[in-house]
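Numbering (full-length UniProt numbering), first residue to last: 1 to 472. Notes to accompany the following structure.
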Amino acid sequence: MTMWTSDEITKATSGKCAQPFNKVNGISIDTRTLEKADLFVALYGDNGDGHIYVKEALEKGASGALVSKIPEGLAESDSLIIVTDTLTALQDMGVFSRERAQNAKRIGVTGSVGKTGTKEMLKCALSDQGRTTASLSSYNNHWGVPLSLARMPENTQFGVFEIGMNHPGEIRPLTKMVAPHVAIITTVAESHAAFFKSLEEIADAKAEIFEGLVPGGTAVINRDHPLYEYMYQKAKRTSVQNIVSFGEHKDANCRLLACELLESESHIDASLNGKIVSYVLPIPGKHWALNSLSVLLAVDLVGGDIIQASRSLLKMVPPKGRGTRHEIEFLQGKCLLIDESYNANPASMCAAIAVLGASLPQGQGRRIAIIGDMRELGDIADDRHADLYEPLMKAKIDQVYCCGPHMKKLAEKLPAQMLALHQDLSTQLIEPLLKNLRDGDIVMVKGSLGTRMAPIVEALKNQNHANLKAVG
Numbered sequence: 001m002t003m004w005t006s007d008e009i010t011k012a013t014s015g016k017c018a019q020p021f022n023k024v025n026g027i028s029i030d031t032r033t034l035e036k037a038d039l040f041v042a043l044y045g046d047n048g049d050g051h052i053y054v055k056e057a058l059e060k061g062a063s064g065a066l067v068s069k070i071p072e073g074l075a076e077s078d079s080l081i082i083v084t085d086t087l088t089a090l091q092d093m094g095v096f097s098r099e100r101a102q103n104a105k106r107i108g109v110t111g112s113v114g115k116t117g118t119k120e121m122l123k124c125a126l127s128d129q130g131r132t133t134a135s136l137s138s139y140n141n142h143w144g145v146p147l148s149l150a151r152m153p154e155n156t157q158f159g160v161f162e163i164g165m166n167h168p169g170e171i172r173p174l175t176k177m178v179a180p181h182v183a184i185i186t187t188v189a190e191s192h193a194a195f196f197k198s199l200e201e202i203a204d205a206k207a208e209i210f211e212g213l214v215p216g217g218t219a220v221i222n223r224d225h226p227l228y229e230y231m232y233q234k235a236k237r238t239s240v241q242n243i244v245s246f247g248e249h250k251d252a253n254c255r256l257l258a259c260e261l262l263e264s265e266s267h268i269d270a271s272l273n274g275k276i277v278s279y280v281l282p283i284p285g286k287h288w289a290l291n292s293l294s295v296l297l298a299v300d301l302v303g304g305d306i307i308q309a310s311r312s313l314l315k316m317v318p319p320k321g322r323g324t325r326h327e328i329e330f331l332q333g334k335c336l337l338i339d340e341s342y343n344a345n346p347a348s349m350c351a352a353i354a355v356l357g358a359s360l361p362q363g364q365g366r367r368i369a370i371i372g373d374m375r376e377l378g379d380i381a382d383d384r385h386a387d388l389y390e391p392l393m394k395a396k397i398d399q400v401y402c403c404g405p406h407m408k409k410l411a412e413k414l415p416a417q418m419l420a421l422h423q424d425l426s427t428q429l430i431e432p433l434l435k436n437l438r439d440g441d442i443v444m445v446k447g448s449l450g451t452r453m454a455p456i457v458e459a460l461k462n463q464n465h466a467n468l469k470a471v472g
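Written out as structure tokens, the structure is:
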């Protein structure tokens, strides 16, 4: 299906196009992932000027390019749409796309922890009930949100958009761009705490998502959170009339009645406004189970069938780096890798440790946590790393590999028989870890993006590519 024509793009962006073109099937900002018939948008970013890649994009089959200047070696007639600013133009395309998809019910998702997983669960739950589009990966910032909107086909019935932030004021323009019918806050935690004075300030920043709700839209809030009442009042002051909640609390609109946490899945009984729903989520972890309640609420609010949605969740696969499981074969036998390497804050780290603790090693295997620094915590960083001692002990983790300067505080606190190694760089852990692996071990890798834990995951997976088997 043609997503855009050059005439529509020109109209949306107030741009100029000397050589009209048709059949734009997608939008790309990266020539490495560009597909034939995409529109290439030349953005200015931290990694340079996208205009230097326009010629390459056209050679790879892009239908055209959105530019703010004519790139060297090209002419105005080379399928270019010229605008004043390409990011602003992409934002204009996002709004245009939203307005033309008149029948689409839009759901916005934010939160300190769990927003990408919740977004993926919503996509999974709704895809069997109508044409569904969702943000790719974690495209949740000032260019990711408009890009996701611009990629929304006109015949979309359900649109799911992840909205993130590092600083106050960043969610406000993005939620107004999405104009969601339902806005979810998964939870509020000490993520990016270096940029905020308190948890209340983080809640304020997350609550900006309510400002974009369409008239009559609904806010979805975690009823178990200590700041529930604070967020409820924030929603009220934003003139939100419809506010619902999820959690274990007796007053939650979607309430967790029971949750059996198995090694590779969660069996859930929930009550949605008095209606009992039982389902299996093929991902372990109570945090996943609780966030799935917000998914059922949102499905119901946009007119979906919650029973069908709960069945569709059986197909859910965790996003890369957020709990994906791999069976690794190596010289001494097999081990299970739990890849949580995408990012980390205190709440998500504790949740990942709990999941590892619930996993049962085979034979003489051990539970091994390989954990890296949690970034952007400011003055509380050392304390929050040291605080991981309690969840690690509670989960009965056998060995801990620590990475980064802040993790030194935890390393100093752990018993000698529990601490395997502490190093400043993740790559310094790889060789000792590989030499130490036993048959039946379960290895969990987690840390902030800046701590670069992914190389450890790749080293484990590269032990035997021929025998690598993704198991969840």
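Backbone N, C-alpha and C fix where the C-beta goes; we use that ideal spot for every residue, glycine too. Nothing here was measured: the structure is a model prediction, and the numbers come from that model.
Start and end residues, beta strand (DSSP E) containing residue i
i	result
K105	K105 to T110
N222	T218 to N222
V67	G64 to V67
S278	K275 to L281
I380	Segment: none, I380 is in no beta strand (DSSP E) and carries neither H nor E.
L256	C254 to L261
Exposure of residue i, with buried meaning 16 or more beta-carbon neighbours within 10 Å
i	result
N253	buried
Y44	exposed
N467	With a pLDDT of only 46 at N467, under 50, the local geometry of the prediction cannot be trusted, and no value is derived from it.
A416	exposed
R237	exposed
R325	buried
G303	exposed
N103	exposed
G94	buried
D424	exposed
Backbone secondary structure at residue i - three-state DSSP
i	result
residue 508	Examination of residue 508 is not possible in this model, given that the chain is present from 1 through 472 alone.
Y334	The question names Tyr, but residue 334 in the sequence shown is Lys. Here K334 sits in strand by DSSP.
V240	coil
Q19	coil
R151	coil
Y342	coil
Q399	strand
residue 475	Because the chain in this structure spans residues 1 to 472, residue 475 falls outside the shown range and cannot be described.
I267	It is worth fixing the name first, because residue 267 is His in this sequence and not Ile. Reduced to three states, the DSSP call for H267 is strand.
V317	coil
E229	helix
S292	helix
R131	coil
K394	helix
F158	strand
Straight-line Cα distance separating residue j from residue i
i	j	result
L296	L414	40 Å
A57	S341	31 Å
R100	S312	28 Å
Y230	R172	18 Å
T88	K446	36 Å
A347	T187	10 Å
R322	A125	18 Å
G372	G404	6 Å
G64	R151	15 Å
P391	A354	7 Å
F21	D7	8 Å
K123	E412	43 Å
S264	I338	11 Å
K394	A358	11 Å
K55	L272	53 Å
G333	K115	36 Å
H465	K396	Any reading at H465 needs caution, since the residue's pLDDT is 47, under 50, leaving its predicted position unreliable; the model's value is listed next. H465 and K396: Cα-Cα distance of roughly 31 Å.
Own chain, CB closer than 6 Å to residue i, minus 5 neighbours either side, in chain order
i	result
K469	Reliability fails at K469, whose pLDDT of 44 lies under 50, so the model's placement of it is uncertain and the value that follows must be treated cautiously. Closer than 6 Å at Cβ, skipping near neighbours: E327.
G247	N222, R223 and D224
G50	A42 and L43
C17	S6, T10 and I81
A258	D269
Contacts around residue i, its chain only, beta-carbon distance under 8 Å, and the 5 residues preceding and following it disregarded
i	result
Q241	G216
P180	R106, I107, G108, F161, I209, G212, L213, V214 and G217
A351	V113, G285, K286 and H287
E190	S112, L199, I202, N345, P346, A347, L377, I380 and R384
residue 537	Here the chain comprises residues numbered 1 to 472, so residue 537 is not present and cannot be evaluated.
F196	P168, I202 and A205
Span of the alpha helix (DSSP H), counted from its first residue to its last, around residue i
i	result
G117	K115 to L126
V54	V54 to E59
V95	T86 to R100
S310	I306 to S312
S6	S6 to T13
L410	M407 to K413
Spatial neighbours of residue i in its chain, beta-carbon cut-off 7 Å, leaving aside the 5 residues before and after
i	result
D441	C335, P361, G365, R366 and I368
T84	S68
L410	H385, A386, L388, Y389 and C402
N141	G164
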